[in-house]
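Novice: Reading the sequence shown from the start, the letters are residues 38 to 350 in the numbering used here. For each residue, glycine too, the CB sits at the ideal point set by N, CA and C.
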Amino acid sequence: MNEWCFWGYMMLLAGSGVWLTVNLVAGWMQQRRRPRQQLLLQRSAGELVQGLLEESPRPLSVEHTVHAQQLLAELVASVHASLYGCAPAPLTRKLEQRGVDRWLVWQVKRSRGLKRAWALKLWGDLPPMPRVEPACEEWLLDPSPEVRLSALLVRLSAYPQDALRLVASCDKPMTLCEVSEVLHLLRRRLLPIAYQPLLESRNRNLQRLGLLIVHEFSIEEADEGLLRLIASTEDAELSLAALYTLCALHRPLRGKAIRQCIERLTAAERGVLMRHMAREGYAPAQVKRLWSERQRVRYEALVETYKTTLVWS
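1. Quick one: what's got a C-beta closer than 6 Å to arginine 335's C-beta in the same chain, skipping five residues either side?
2. Please state whether the Cβ-Cβ distance between glycine 161 and leucine 190 is less than 8 Å.
3. Do the CB positions of glutamine 32 and glycine 136 come within less than 8 Å of each other?
4. Over what stretch of residues does the alpha helix (DSSP H) that includes tryptophan 155 continue unbroken?
5. Taking isoleucine 267 and leucine 280 to be in contact with their CB atoms under 8 Å, please state how far apart those CB atoms are, rounded to whole angstroms.
6. Output the boundary residues of the alpha helix (DSSP H) element that contains valine 340.
7. Could you give the residue range of the alpha helix (DSSP H) that holds leucine 245?
8. Start and end of the alpha helix (DSSP H) containing valine 309?
9. Would you call valine 340 buried or exposed, if buried means 16 or more other Cβ atoms sit within 10 Å of its Cβ?
10. Cα separation between arginine 291 and methionine 314?
11. How close, in whole Å, do the beta carbons of leucine 235 and leucine 243 come, if the pair is a contact with beta carbons under 8 Å?
12. Mind checking whether alanine 294 and leucine 264 have CB atoms under 8 Å apart?
13. Whose C-alpha, out of Glu337, Ala126, Cys207 and Ala200, is nearest the C-alpha of leucine 223?
14. What did DSSP end up calling proline 197 once you bin it into helix, strand or coil?
15. Within the same chain, show all residues whose beta-carbon is closer than 8 Å to that of leucine 159, passing over the 5 residues directly before and after it, in chain order.
16. Distance, Cα to Cα, leucine 347 vs proline 167?
17. Can you grab the Cα-Cα spacing for the pair leucine 157 / alanine 195, in whole Å?
18. Compute the minimum distance between the beta carbon of leucine 235 and the heavy atoms of the ligand ZN, and state whether it is under 7 Å.
19. Any C-beta of chain D sitting closer than 8 Å to the C-beta of histidine 287?
20. Select from Trp176, Glu92, Arg192 and Gln323 the residue whose C-alpha is nearest the C-alpha of proline 289.
21. According to DSSP, is histidine 287 helix, strand or coil?
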């Protein structure tokens with residue numbers, strides 16, 4: 038019995054060694070190929086854009102290399118993210134002709150965790166591929182938040198008109214990074230969205246999306262909606278985000294709602310907010326009503342460390 042255990046242990050050890058060796062060699066080979074692949078991607082980007090301008094498909098350099106499907110997917114994702122308003126049909130045909138759609142589904146199914154999230158994120162950056170879109174449904178309920186977000190981006194890429202419904206259907210509050218990904222995708226699809234209904238929504242994810250739209254497009258007319266969110270005590274994080282958005286727009290910081298929001302902050306959070314206000318160019322006289330006497334002295338000392346004092350003097 039002991040002899041069988043010994044040989045079993047040795048076989049397991051040998052198998053682990055072989056697996057580790059194979060992965061190390063594969064990683065080393067991939068690292069060696071990457072510089073050449075980057076050069077091919079740069080050359081192929083020009084070829085792809087030229088083909089789109091001439092409306093005539095042409096073979097690309099990356100189509101005749103190792104891992105051609107992955108490189109083609111990365112290339113098209115990069116070009117598609119950079120060209121706003123570009124017709125997606127030629128890119129979709131190119132991907133389907135080379136079997137990138139089937140490769141993506143296979144890649145997502147065989148991977149786990151962050152690798153699966155990476156494959157889904159790459160999928161979401163590509164033009165819509167109707168043949169395989171239903172295949173991502175099962176990953177919307179994946180335990181990993183990264184996988185769920187990437188699967189959501191795939192759905193949004195395919196059905197941008199349902200973006201607000203899909204964002205509102207998320208059970209957990211989305212982070213700023215996640216909302217930024219959603220907004221980037223909607224901008225790429227040139228989908229107009231009214232910010233005011235989002236700020237007035239009862240759904241926190243939609244409110245976060247509305248805040249980001251106001252910040253990205255510097256919508257100064259959103260003061261009333263921002264002050265309403267700042268006055269809200271239901272979500273302290275959202276209230277503080279609305280205050281930071283108001284600062285980013287360089288709007289006047291007056292009112293009881295703003296003072297109460299600052300009073301709810303910790304000492305560390307107040308310090309961060311002070312530095313942000315000073316960096317945004319708020320003179321001490323503009324915000325003196327928001328701070329106590331001791332805090333005003335601290336803010337004035339902080340302002341002196343910024344070059345913006347040249348503007349105030």
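Specialist: In brief:
1. none
2. yes
3. Because the chain in this structure spans residues 38 to 350, residue 32 falls outside the shown range and cannot be described.
4. Start and end: 150-162.
5. Confirmed, about 5 Å.
6. For valine 340, the enclosing alpha helix (DSSP H) covers residues 330-340.
7. A small fix is needed here, since residue 245 is arginine in this sequence, not leucine. Per DSSP, arginine 245 belongs to the alpha helix (DSSP H) from 241-253.
8. 304-316
9. buried
10. 13 Å
11. 5 Å
12. yes
13. Ala200
14. helix
15. Cβ-Cβ distances below 8 Å link leucine 159 to Ala110, Glu111, Ala114 and Leu141 in the same chain, with the five nearest sequence neighbours on each side left out; the list follows chain order.
16. Any reading at leucine 347 must be qualified, since the residue scores a pLDDT of 47, below 50, and its modelled position is unreliable; no value is offered.
17. Taking the CA atoms as reference points, leucine 157 sits about 13 Å from alanine 195.
18. The ligand ZN is absent from the structure shown, which contains no ligand whatsoever.
19. Within the model displayed, chain D is absent; a lone protein chain is all it includes.
20. Comparing alpha-carbon positions, the option among Trp176, Glu92, Arg192 and Gln323 lying closest to proline 289 turns out to be Gln323.
21. In the structure shown, histidine 287 sits in coil (DSSP, three-state: anything other than H, G, I, E or B).
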